[in-house]
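Note sheet for the following structure.
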Amino acid sequence: MTDLTVIIEGLLFIVGEQGLSIEQLAQTLLCSEDEVNKAVDQLAVFYKGYNRGIQCVNYGGQVKLLTAPFIHPYAQQMLSIQKTRQLSQSALETLAIIAYKQPITRVEIEEIRGVGCDIMLRKLQALDLIREQGRSDAPGRPILYEVTREFMDVFQLMSLDELPKLEQIVSGSSQELFE
Amino acid sequence: MTDLTVIIEGLLFIVGEQGLSIEQLAQTLLCSEDEVNKAVDQLAVFYKGYNRGIQCVNYGGQVKLLTAPFIHPYAQQMLSIQKTRQLSQSALETLAIIAYKQPITRVEIEEIRGVGCDIMLRKLQALDLIREQGRSDAPGRPILYEVTREFMDVFQLMSLDELPKLEQIVSGSSQELFE
Amino acid sequence: MFEITIDQFSGPLDLMLFLIKEKKLDLFNLDISELTSQYQNYITSMQNMNLEIASEYLSELAGLIEYKSKKLLPRDKSLLDADYTEDPKESLVRRLLEYQQFKDITGDLEKRYQIRQQFIGKPLSRKEVEDVMPDMLVEGSSYDLIRAMKKVMIRVSLQQPFETKIAARELSVDQRIDMLRRMITRFPASFALEECFVDCSDIQLVLITFLAVLDMIRIGELLFTVEGEQIYLIRSTSDDGFNGNY
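Residue numbers (this note's numbering), protein chains in the order written: chain H, 59 to 237; chain L, 59 to 237; chain S, 3 to 248.
Written out as structure tokens, the structure reads:
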């Protein structure tokens with residue numbers, strides 16, 4: 059594959075099912091749409107040429123990588139085995155902070171947790187547990203995050219008011235600290 | 059590629075950056091972990107064999123597809139890739155000590171580093187890089203720490219054996235060295 | 003006298019290793035009296051600069067001084083033999099050697115970490131997952147959330163006393179440019195404009211920061227691109243193949 063084709067493969071992989079338009083690719087890669095079209099065709103041919111679990115499709119100028127259809131039964135099997143996924147401690151902490159303080163920016167979450175959480179936020183967004191909801195008026199207008207309906211489902215909450223007040227949690231925790 | 063390898067490729071593509079463990083793959087595909095390991099190796103070799111935008115990695119038994127190294131600058135140009143976090147020197151020292159000496163207590167780490175590590179351990183736990191793993195039999199039954207799968211991931215390790223060997227410091231027979 | 007401040011060391015052992023190297027002392031035949039004087043000098047000069055010295059540095063200093071003073075006392079050999087403990091010098095050298103090993107390894111870890119940061123994953127294919135299985139994928143209960151929040155609160159309350167307030171200072175644009183230059187070396191080659199404002203405590207500093215960024219763009223140290231509402235800055239000194247075609 060040419061360098062251009064390889065870079066397009068990498069970029070398509072990163073965006074996942076969203077895909078990228080020929081136009082977007084041409085702009086990013088500082089080349090003509092013709093060149094991009096040629097490279098995308100080459101990529102599609104490459105994927106077709108082998109017995110592969112992934113395919114490259116071009117639907118009306120929107121290019122994306124997808125799994126090959128025959129993978130689906132196995133995907134079903136995989137998901138029924140690991141139907142549920144335990145959230146890690148740091149995922150839970152990040153979710154808890156957002157649920158209590160939303161809408162909240164990344165920097166504010168990091169101040170509370172004391173560690174960077176950009177990758178975690180992306181993971182939680184990919185799981186549909188949080189979403190971007192506008193921007194703060196703070197300098198730089200950073201993105202605000204809030205929890206989703208999916209979040210309410212997962213944690214079986216009718217409303218965020220069902221969570222205990224922070225003061226209650228604090229009084230409970232100082233107990234633990236000093237016993 | 060064999061059918062097994064192709065199916066694994068498709069499944070890895072679906073789950074994305076989370077990846078799948080060798081056990082999960084073996085369970086899903088109703089075959090032995092040996093067979094899965096072989097297929098994963100084949101997949102990794104296949105990706106390496108061509109000039110490709112994607113690579114297949116195995117960090118601590120968790121297999122996943124990731125972009126190839128040279129894709130990053132183009133991705134940065136296209137997406138708002140978050141800034142990469144630096145781990146501080148103190149964090150790296152603490153992690154190195156835990157990785158080599160695990161399971162290890164806080165006091166033991168502090169003896170080696172010569173500084174208190176309470177906050178540092180909490181931060182590393184919040185980052186999912188270490189976790190509590192039972193308690194020592196020493197007086198007070200202090201908590202033991204060990205590194206996590208996330209640690210294996212962020213340092214690209216398949217196993218801890220890949221870390222450079224420590225030269226053994228022999229405490230008893232070092233007399234002639236010092237006087 | 004010392005250009006390296008105390009916060010550049012990750013602990014007293016780190017400082018000792020620095021002094022041993024700097025003063026060309028022999029770690030395997032360590033002159034503890036000399037190390038003690040150097041260490042003491044350094045700590046004093048830091049205190050003169052009004053830098054806060056963590057208690058660990060002082061307790062190691064106390065240990066060194068104790069050893070040095072004992073050495074000056076006339077030795078009673080029979081007493082030493084009767085009450086045998088490990089020679090404190092030997093034990094210090096052993097600690098330094100052990101610590102040095104872990105310090106050496108951090109370079110390797112750091113490299114691995116940096117490289118790994120460049121590999122990007124793909125998000126979960128939600129639609130494909132939903133197509134084959136519409137079920138819930140994540141498991142949790144509100145109790146998990148509360149417990150997690152509790153941990154956060156405990157950590158925050160433990161951290162509080164360690165935080166120091168930084169008083170707002172009047173900075174010039176030039177001073178701010180210097181600060182930004184240092185700040186952005188920690189950023190990737192391209193970063194959001196807002197990252198330059200993270201340490202801004204008041205509107206004054208925001209304005210000065212903005213002027214500083216404009217000036218850095220003017221002199222060509224920074225490039226910028228606009229995507230939607232977001233402005234990205236690019237370090238023009240980057241050597242990652244950004245400039246020109248790939």
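Cβ coordinates follow ideal geometry from the N, Cα and C atoms, glycine included.
- Contact of G13 of chain S with chain L by beta-carbon distance below 7 Å involves R171, G172, V173.
- As the crow flies, the alpha-carbon of R171 of chain H is around 9 Å from that of L185 of chain L.
- As a beta-bridge residue in DSSP terms, E190 of chain L pairs with L:Y203.
- Take the alpha-carbon of P161 of chain L and the one of D211 of chain H: they are about 38 Å apart.
- The stretch 122–138 of chain L makes no contact with the stretch 52–60 of chain S: fewer than 3 CB pairs, one atom from each, lie closer than 8 Å.
- Taking 9 Å as the threshold, the shortest C-beta distance from T125 of chain L to chain S falls below it.
- Residues of the stretch 109–136 of chain S that bring their beta carbon within less than 9 Å of a beta carbon in chain H comprise I122, G123, K124, P125, L126, S127, R128, K129, E130, V131, D133, V134, M135, in sequence order.
- With a 10 Å radius around the Cβ and a threshold of 16 neighbouring Cβ atoms, Q49 of chain S comes out exposed.
- In this structure, H:T60 is the residue among H:R164, H:T60, H:R180, H:S194 with its C-alpha nearest to the C-alpha of V94 of chain H.
- Chain H places no beta carbon closer than 9 Å to that of R97 of chain S, leaving this residue out of the contacts.
- Ranked by Cα distance from R149 of chain S, the first of H:I155, H:Y117, H:T86, H:F104 is H:I155.
- Near chain H, meaning a CB-to-CB distance below 7 Å, the residues of the stretch 142–153 of chain S are G142, S143, S144, D146, L147, I148, A150, M151, K152, K153.
- Secondary structure at S148 of chain H: helix, using DSSP grouped into helix, strand and coil.
- Here L213 of chain S has V175 as same chain residues with Cβ atoms under 6 Å from its own Cβ, once five neighbours each way along the sequence are excluded.
- The way I'd put it, the stretch 106–117 of chain S doesn't touch the stretch 115–126 of chain L; fewer than three beta-carbon pairs between them come closer than 8 Å.
- Counting the other Cβ atoms within 10 Å of the Cβ of T227 of chain S gives fewer than 16, which makes it exposed.
- Taking the CA atoms as reference points, Q135 of chain H sits about 39 Å from A84 of chain H.
- Take the alpha-carbon of D195 of chain H and the one of I201 of chain H: they are about 10 Å apart.
- Distance from the CA atom of K96 of chain H to the CA atom of A157 of chain L, rounded to whole angstroms, is 48 Å.
- In this structure, Y41 of chain S sits away from L19 of chain S, with a CB-CB distance that is not shorter than 9 Å.
- Around the Cβ of Q177 of chain S, a 10 Å sphere holds fewer than 16 other Cβ atoms; the residue is exposed.
- Note on V103 of chain H: under 16 other CB atoms within 10 angstroms of its CB, so exposed under the neighbour-count rule.
- Secondary structure note for T63 of chain L: its alpha helix (DSSP H) is the uninterrupted segment 61–73.
- Just so you know, the alpha carbons of M151 of chain S and M51 of chain S end up roughly 40 Å apart.
- Boundaries of the alpha helix (DSSP H) around F20 of chain S: 14–24.
- With distances taken between CA atoms, E225 of chain H lies nearest to S:M155 out of S:L173, S:M155, S:E100.
- When DSSP states are grouped into helix, strand and coil, R188 of chain S belongs to the coil group.
- Of the candidates H:G192, H:D219, H:G77, H:E91, H:G77 places its Cα closest to the Cα of P125 of chain S.
- As the crow flies, the alpha-carbon of E168 of chain H is around 34 Å from that of L124 of chain H.
- The residues Q40, in chain order, have a CB closer than 6 Å to that of K25 of chain S in the same chain once the five nearest residues on each side in sequence are set aside.
- Bounds of the beta strand (DSSP E) holding Y117 of chain L are 112–117.
- Just measuring C-alpha positions, the residue of L:E151, L:I80, L:V73, L:L153 sitting nearest D99 of chain L is L:I80.
- When only Cα atoms are considered, E67 of chain L and G111 of chain L end up about 15 Å apart.
- Along the stretch 35–63 of chain S, the positions whose C-beta sits under 8 Å from a C-beta of chain L are A56, E58, E62, read in chain order.
- Excluding residues up to 5 positions away in sequence, I188 lie with their Cβ nearer than 6 Å to the Cβ of L182 of chain H in the same chain.
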